[in-house]
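See below for the structure under consideration.
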Ligand code: SF4
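Protein chains in written order, with my numbering: chain P, 83 to 232; chain E, 6 to 551.
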């Protein structure tokens, strides 16, 4: 898997851990936490003022408030199904309601045809299979920047 | 009529290219059918019983003669020589082949047409009163508003993967010809202390659980229209159910939350998310309105001359309406002859009608949600002439609003979801009641027929609704009475056990008998009688075994 944005690609910088695998020694900064981890470690994160990456699924509620967002450097919204359009609203909400400035990443079951929509709703990056990269970038070329919405 | 800007042209051309890429990826196996499906649906392409079906958008039902000719060309070249006008003012082709579709879209784009968002779980083509801009009682023309909404909703990045389809209709009159109360959002232009704005209804719909829309806003200033729509859609996209396709429409969400709670969410989103750039300023609105001015109409006869020809007079009585310009008439062209399925037009008829529109009606044609066509501005002095021409192409059936002006879905003849046929039922009704004076005696009566519970034929809101069912492999028909899609919208009540195809016409006859017997004045229509006497008398007659 690779991470791409509009112009560049890179390796995933975060390590994803299974639920139970969170030991005392785990360096939170380098991990992709899920909501379970977040609940466990929230206090510690606030206290130590560290910045973490958090993954939520498209069917999960955003349970944190404006205060929490200061400690989140990346939110990965994982599409369980590309037909589930909730993450588009979620990203908008993060940007417009919570004025979230960190990275928003899409992963999971998404189509290259959705790339432009994702970017326009506030996503910065997507996690995709390396072999699909060309299709993703090819579809980006259809984007001529002409939209009906501001 | 609206003319594409350079941006419109580019956006549509781009979409054609993009769709070609999607079709190529599908044909080469890069996209699975499951992945391709929502993409093709967003471009109006359905998989039907026998073949693909392509639904082409006719924004708010408005067509030019040039566009109609192009539709005729497409019908001949890529289909079987006809098209089918739908209950949402669009046109469908029933036999296109997948590899041809990008080319068809290209042909459409040459005349500023497309199939964008005519299906799929997105905001569909915006529909409007088919008499928009033509009547005296209208508060304001809804078409410019439809165009504003069309733009905003096209390829909306946030709302292209909604829980379910989403339909918006707009009217500018108190008389509702656009069925706004059975839409996901219905907008009515109203005047409040001199200001014009919108009355907003939400959560109407048909399908297996029909609902009449509820009012969510008494008066929405024009400038806030898009932000308010966005607030409703954000609420729906976030909270609408995705676990069960039959419970995914906004009507179910609204019903589960209750209108008050739902409204709270909407108002909150409206406050929190309102985007300054979506506020409509006066000059934007004015620029769109410029496209919808009346053509230059000239003085002439005050009245349509009374020619002594009984066929003409029948037609004139039934299909000709007064225009707001006193020297002009509005002509309704019925697509409900007894020779074709309701809403069908052959390529020959389309071409001839395009010529007629050029000759008599400034090249303008409209499509009604009741699957008929309109020639919007015809000089009173030329109404007889136009009748003769329409007669020659079998488009002068005098039945607008009468019992044979049925609305009907494609049913088992085309649709993969159908449980029974609907077109043959409509044809039987048209045959049975073909005598004009008999129809006239029955008066205004809307029969609406669906081939399954999905209700594309709007049977819930038919004065008489007919729903095709499958009972152990046999077609049966359930009858509902008292539905209406007008300003007094109501959902029809089921009259009792369903009827076999053989017994259906007899049942309709009995319903008509009860109605006739109970009307208290000559012109009292079916709906009014039904509302007065209730369903019981009809039940008694239908199930008394005599
Ligand atoms: S009502 Fe049923 S049969 Fe008729 S078009 Fe809709 S899905 Fe098909």
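For every residue, glycine included, the Cβ atom is placed at its ideal position computed from N, Cα and C.
Just so it is clear, the structure is predicted and the values come from calculations on it, not from any experiment.
CB-CB under 6 Å to residue i, same chain, minus the five flanking residues each way: which ones, in chain order?
i: residue 85 of chain P; result: 92, 94, 207, 209
i: residue 450 of chain E; result: 408, 468, 531
i: residue 28 of chain E; result: 107
i: residue 224 of chain E; result: 197, 202
i: residue 515 of chain E; result: 546, 547
i: residue 241 of chain E; result: 255
i: residue 203 of chain P; result: 170, 173, 174
i: residue 491 of chain E; result: 181
Give the DSSP bridge partners of residue i, in chain order.
i: residue 206 of chain E; result: E/191, E/220
i: residue 226 of chain E; result: E/202
i: residue 59 of chain E; result: E/50, E/98
i: residue 146 of chain E; result: Per DSSP, none; premise fails for residue 146 of chain E.
i: residue 197 of chain E; result: E/200
i: residue 325 of chain E; result: E/336
i: residue 482 of chain E; result: E/473, E/504
i: residue 418 of chain E; result: Beta-bridge pairing links residue 418 of chain E to no other residue.
i: residue 254 of chain E; result: In the DSSP output, where bridge partners are listed per residue, residue 254 of chain E has none listed.
i: residue 369 of chain E; result: E/69
i: residue 90 of chain E; result: E/96
i: residue 189 of chain P; result: P/160
i: residue 171 of chain E; result: E/128
i: residue 92 of chain P; result: P/85
i: residue 106 of chain E; result: Residue 106 of chain E is not bridged to any residue.
i: residue 530 of chain E; result: According to DSSP, residue 530 of chain E bridges with nothing at all.
Does the separation of the CB atoms of residue i and residue j fall below 8 Å?
i: residue 175 of chain E; j: residue 218 of chain E; result: no
i: residue 9 of chain E; j: residue 117 of chain E; result: yes
i: residue 172 of chain P; j: residue 159 of chain P; result: yes
i: residue 352 of chain E; j: residue 77 of chain E; result: yes
i: residue 332 of chain E; j: residue 390 of chain E; result: no
i: residue 329 of chain E; j: residue 139 of chain E; result: yes
i: residue 284 of chain E; j: residue 229 of chain E; result: yes
i: residue 215 of chain E; j: residue 131 of chain E; result: no
i: residue 190 of chain E; j: residue 237 of chain E; result: yes
i: residue 343 of chain E; j: residue 439 of chain E; result: yes
i: residue 153 of chain P; j: residue 133 of chain P; result: yes
i: residue 224 of chain P; j: residue 162 of chain E; result: no
i: residue 214 of chain P; j: residue 194 of chain P; result: yes
i: residue 484 of chain E; j: residue 500 of chain E; result: yes
i: residue 481 of chain E; j: residue 505 of chain E; result: yes
i: residue 411 of chain E; j: residue 453 of chain E; result: yes
i: residue 434 of chain E; j: residue 517 of chain E; result: no
i: residue 6 of chain E; j: residue 165 of chain E; result: no
Of the choices the options, whose alpha-carbon is the least far from that of residue i?
i: residue 399 of chain E; options: E/55, E/358, E/422; result: E/358
i: residue 341 of chain E; options: E/305, E/383, E/266, E/432; result: E/432
i: residue 174 of chain P; options: P/134, P/205, P/156; result: P/205
i: residue 157 of chain P; options: P/169, P/107, P/163; result: P/169
i: residue 271 of chain E; options: E/247, E/422, E/198, E/220; result: E/220
i: residue 229 of chain P; options: E/434, E/345, E/108, E/11; result: E/11
i: residue 312 of chain E; options: E/305, E/303, E/322; result: E/322
i: residue 355 of chain E; options: E/194, E/16, E/498, E/75; result: E/75
i: residue 386 of chain E; options: E/68, E/327, E/371; result: E/327
i: residue 476 of chain E; options: E/34, E/102, E/457, E/31; result: E/457
i: residue 93 of chain E; options: E/33, E/105, E/210; result: E/210
i: residue 165 of chain P; options: E/33, E/126, E/100; result: E/126
i: residue 99 of chain E; options: E/85, E/109, E/112, E/105; result: E/85
i: residue 111 of chain E; options: E/89, E/129, E/135, E/79; result: E/79
i: residue 497 of chain E; options: E/20, E/471, E/524; result: E/471
Sorted by chain position, which residues of the same chain lie with C-beta nearer than 7 Å to residue i's C-beta, five sequence neighbours on each side aside?
i: residue 401 of chain E; result: 320, 392, 395
i: residue 275 of chain E; result: 232, 233, 236
i: residue 519 of chain E; result: 542, 543, 546
i: residue 124 of chain E; result: 46, 49, 51, 60
In chain order, what residues of the same chain have a beta carbon less than 8 Å from the beta carbon of residue i, not counting five sequence neighbours either side?
i: residue 563 of chain E; result: No answer is possible for residue 563 of chain E: it lies beyond the span of chain E, which begins at 6 and ends at 551.
i: residue 536 of chain E; result: 487
i: residue 360 of chain E; result: 70
i: residue 145 of chain E; result: 177, 194, 201
Exercise for review: Please list the residues of the region 9-32 of chain E that have a C-beta atom closer than 8 Å to any C-beta atom in chain P, keeping them in chain order.
Suggested key: Residues of the region 9-32 of chain E that bring their beta carbon within less than 8 Å of a beta carbon in chain P comprise 12, 15, 16, 19, 22, 23, 26, 27, 30, in sequence order.
Practice item. Taking only beta carbons into account, state which residues of the region 161-186 of chain E come closer than 9 Å to chain P, listed in chain order. Key: Flagged, chain order: 161, 162, 163, 164, 165, 166, 167, 168.
Point to revise | Members of the region 262-273 of chain E that neighbour chain P once the beta carbon cut-off is set at 7 Å | key: Legend: CB atoms of the region 262-273 of chain E lying less than 7 Å from CB atoms of chain P are not found in any residue.
Review point. The region 226-239 of chain E: which residues have C-beta closer than 7 Å to a C-beta of chain P, in chain order?
Key: Listed in sequence order: 239.
Point to revise | chain P contacts made by the region 244-260 of chain E, where a contact means CB separation under 7 Å | key: Per Cβ criterion, the list reads 247.
Review point. Using a beta-carbon distance cut-off of less than 9 Å, what residues from the region 141-160 of chain E approach chain P?
Key: Within the region 141-160 of chain E, the residues whose Cβ lies closer than 9 Å to some Cβ of chain P are 155, 156, 157, 158, 159, 160, listed in chain order.
Exercise for review: Return the residues of the region 154-166 of chain P that lie within a Cβ-Cβ distance of less than 8 Å from chain E, sorted by chain order.
Suggested key: Those would be 164, 165, 166, in chain order.
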